[in-house]
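*Asks:* Starting off with a structure, shown below.
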Amino acid sequence: MQTSDEIVLGTHPKSPHEHLFNIQNVVKHYCNGNVTAVDHVTFSIDRGEYVVIMGPSGCGKSSLLNLIGSLDKPTSGEVFFCDQALSKHKSLDQFRATQIGFVFQSFHLLPTLNSLENVQVPMFVTPWTVAKRVSRAKELLALVGMSHRSRALPSQLSTGERQRVAIARALANEPCVLLADEPTGNLDSKTGGEVLDIFSKLHKARCSTIVVITHSPELAKRAERVIHMMDGRIERIENRR
Amino acid sequence: MRFYKLIFHNVMRRRLRSALTAVAVAIAVGSIVSLVGIANGFRDSFMDFYQSADVDMIVVRSGSQRRLTSTLDESLANKIQALPGVKEVVPGLADIVSFAEANLYVVPISGLLPETHVFDHFKLTEGRNLLRSDQDAIVLGVDLAQTLGKQVGSVLDVVEGQKFTVVGIFESSNVFESGSILMPLADLQKLMGREGQVSGVSLTVDNPQDAKGMEQISDAIKKLESGLSVRTTREHVESLSEIQMAIAMAWITSTVAILIGTLGTLNTMFMSIQERIREIGILRALGWERKRVIAMILGESIMISFIGGVFGAVSAIILVKLLTRVPAVNGLIQGRVDWVVLAQGLTVALMVGLIGGFLPALSASRLTPAEALQN
């Protein structure tokens with residue numbers, strides 16, 4: 001019988017690829033080319049790796065995460081997932097729905113839905129029955145310690161509780177990759193630590209790939225690799241394995 | 001949670017926003033239903049007037065679609081009576097008077113021949129009917145009598161300085177008649193300076209089911225004199241300029257109301273979706289396809305429009321009912337809204353919902369998820 005940890009995250013795609021993501025010379029311009037957010041960045045992310053991207057504000061780390069997660073398109077260069085170019089992917093919506101789980105700094109919960117309903121939102125794209133969606137949503141809320149607040153609206157939750165629900169939602173469709181943009185940015189240190197514990201638990205449970213953007217050295221300590229960015233470029237990479 | 005429940009929660013948990021949008025739709029729909037319903041009721045009143053009087057055909061001066069401007073020679077009635085197939089002929093003179101002190105400005109007054117069976121369908125509630133021997137006598141419709149505070153024996157200044165005595169009060173199923181005055185034809189002709197003239201001639205035929213026979217009678221009447229218009233009751237009512245004007249006015253006014261309501265609703269919906277661009281970005285980030293996002297927003301806008309449409313329609317029905325009780329109306333409207341008008345109003349509501357939801361949703365869903373999240 002599967003434990004709650006085992007059912008949380010999806011398995012990696014069945015492929016011989018060593019690298020899950022291959023970011024090849026990506027560039028991202030804004031404001032008609034006047035702003036270069038990502039400047040010829042190349043690196044890869046392996047299956048099961050826990051990667052942190054750090055850097056000062058405006059260094060391009062959120063823009064880079066958006067490109068990795070297909071929330072945005074690079075001006076030039078390419079992002080490969082399992083050797084397939086995202087620019088040629090037949091459905092990026094489906095890619096995000098099945099392979100990626102996002103956690104945002106501002107949580108981004110839907111204000112008119114309670115916790116249980118918010119966790120189910122990504123599941124509409126799956127063929128699951130209503131009963132299965134509700135059942136899985138309850139399990140995920142239990143995993144993040146939010147079962148007792150399943151009927152609460154986001155406005156009735158504390159910031160830490162909202163982030164927990166957001167993490168549960170990110171895990172809804174059993175993604176193989178979790179992308180988090182400053183997940184503890186709006187949390188106090190205690191709550192932030194609890195959120196980081198959840199990430200560590202997820203990483204250890206199924207060796208899932210986690211990519212986190214943060215300013216927090218505390219979070220960086222938990223990572224296997226830290227990518228330091230400055231002015232849109234990779235300044236250095238620390239391997240901590 | 002099912003998809004329709006998500007739509008339901010989005011609408012019901014944003015109460016103020018949803019209510020404001022629904023009110024905009026309600027105003028547009030309420031305007032259509034009440035204005036067009038009133039105009040249709042006005043037309044139906046005229047129809048009932050003739051049908052209840054058992055009239056098969058009406059003869060008026062050709063080109064004069066207003067009864068009041070039609071002028072025929074009174075002697076025409078006798079010529080028509082002599083035609084084969086004609087059962088009874090009733091000449092009549094119609095005009096309008098006003099009673100400013102009671103805020104009544106459109107009171108129909110009809111001059112008819114006393115002691116003819118045209119008076120049979122006016123049901124007397126007090127007093128008596130007009131007699132050929134009467135001098136300066138009138139009979140009032142019950143609604144008008146109530147509004148003016150008159151009863152049998154009262155004296156009424158029909159036209160300034162011209163006093164008439166109320167000899168009877170009648171009620172009619174036709175609201176138009178219940179707010180009118182009846183007097184002997186000769187008296188009204190004298191009062192209005194139209195001696196020897198009538199507005200039109202109503203007639204009944206021996207066999208109203210015989211369409212060919214009706215046509216022959218019509219042709220024979222037209223040969224009596226040039227410039228005559230001979231129509232069946234329905235054709236006549238629908239050609240009346242008062243009716244056409246009332247219906248045209250209703251549609252013009254309700255079209256303006258639709259435009260204002262639609263633009264207001266579209267603006268409210270557009271602003272509402274603009275405020276939710278980030279939410280749309282979240283849904284796209286979570287893997288929702290554009291068509292699913294559009295379906296959700298469309299579902300919400302149709303739901304809000306339907307609620308607004310129903311509320312507007314119900315309010316219009318209540319408003320029309322209340323208006324019929326206002327004395328100044330004096331029974332000119334029936335206070336009846338039929339299902340066709342309701343369907344028209346609700347159709348407009350749904351169209352507003354579709355357009356108001358689709359266009360901004362399509363525009364918002366075209367942004368990349370990153371662009372939408374940064375909004």
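Going down the list, the protein sequences come from chains A and B. For the first sequence, position 203 (counting from the first letter as 1) is numbered 203 according to our numbering, and the numbering increases by one without interruption. For the second sequence, position 160 (counting from the first letter as 1) is numbered 160 according to our numbering, and the numbering increases by one without interruption. All C-beta atoms in this analysis are idealised placements derived from N, C-alpha and C, irrespective of residue type, glycine included.
#1: Does any C-beta atom of chain B lie closer than 7 Å to the C-beta of R162 of chain A?
#2: Is the CB of T112 of chain A under 7 Å away from at least one CB in chain B?
#3: Where R290 of chain B and I27 of chain B are concerned, what is the direct C-alpha to C-alpha distance, given to the nearest angstrom?
#4: Would you kindly work out how many angstroms separate the C-alpha atoms of P16 of chain A and I227 of chain A, rounded to a whole number?
#5: Is there a C-beta anywhere in chain B that falls below 7 Å from the one on V130 of chain A?
#6: With a floor of 3 residues, list each beta strand (DSSP E) that falls wholly inside the region 53 to 96 of chain A, ordered by position along the chain.
#7: Name, please, each residue of chain A whose Cβ falls closer than 8 Å to the Cβ of T2 of chain B.
#8: If you run the structure through DSSP and keep just helix, strand and coil, what is I227 of chain A?
#9: DSSP three-state call for A166 of chain A: helix, strand or coil?
#10: Would you please state the rounded distance, in angstroms, between the beta carbons of F306 of chain B and A343 of chain B? I believe it to be under 8 Å.
#11: For a contact meaning CB atoms closer than 7 Å, what does E279 of chain B contact in chain A?
#12: Would you say N375 of chain B lies against chain A (beta-carbon separation less than 7 Å)?
#13: Taking 7 Å as the CB-CB cut-off, is V79 of chain A touching chain B?
#14: Can the beta-carbon of L67 of chain A be found closer than 7 Å to that of V52 of chain A?
#15: Which whole-angstrom value is the C-beta distance of V59 of chain B and L228 of chain B, which I expect to be below 8 Å?
#16: In the DSSP output, which residue or residues are listed as bridge partners for Y50 of chain A?
#17: Between the region 356 to 367 of chain B and the region 262 to 279 of chain B, can you find at least three pairs of beta-carbon atoms closer than 8 Å?
#18: Hey, quick one: how far does the alpha helix (DSSP H) through V144 of chain A stretch, first residue to last?
#19: Would you be able to state if there are at least three C-beta pairs under 8 Å between the region 70 to 77 of chain B and the region 146 to 165 of chain B?
#20: Quick check: the region 196 to 206 of chain B against the region 21 to 38 of chain B, are at least 3 beta-carbon pairs closer than 8 Å?
#21: Can you list the residues of chain A that N10 of chain B reaches, using a CB-CB cut of under 7 Å?
#22: Apart from the five residues just before and just after L187 of chain A, which ones in its own chain have a Cβ nearer than 8 Å to its Cβ?
#23: By Cβ distance below 8 Å, which residues in the same chain neighbour S98 of chain B in space, the five residues on each side in sequence not counted?
#24: Under 7 Å, Cβ to Cβ, is there at least one residue of chain A near T233 of chain B?
#25: Give the secondary structure of M183 of chain B by DSSP, where H, G and I count as helix, E and B as strand, and everything else as coil.
*Replies:* Well, looking at it:
#1: no
#2: yes
#3: 32 Å
#4: Note that P16 of chain A has pLDDT 45, beneath the 50 cutoff, so the model's placement of it is unreliable and no number is given.
#5: yes
#6: 76 to 81
#7: Correcting the residue type first, residue 2 of chain B is Arg in the shown sequence and not Thr. The contacting residues are V130.
#8: strand
#9: helix
#10: Incorrect: roughly 13 Å between the Cβ atoms, too far for contact.
#11: L110
#12: no
#13: no
#14: no
#15: 6 Å
#16: A:I210
#17: yes
#18: Careful: V144 of chain A lies outside any alpha helix (DSSP H) and carries neither H nor E.
#19: no
#20: no
#21: T112
#22: T159, G160, Q163 and V195
#23: L104, Y105, V106 and V107
#24: no
#25: strand
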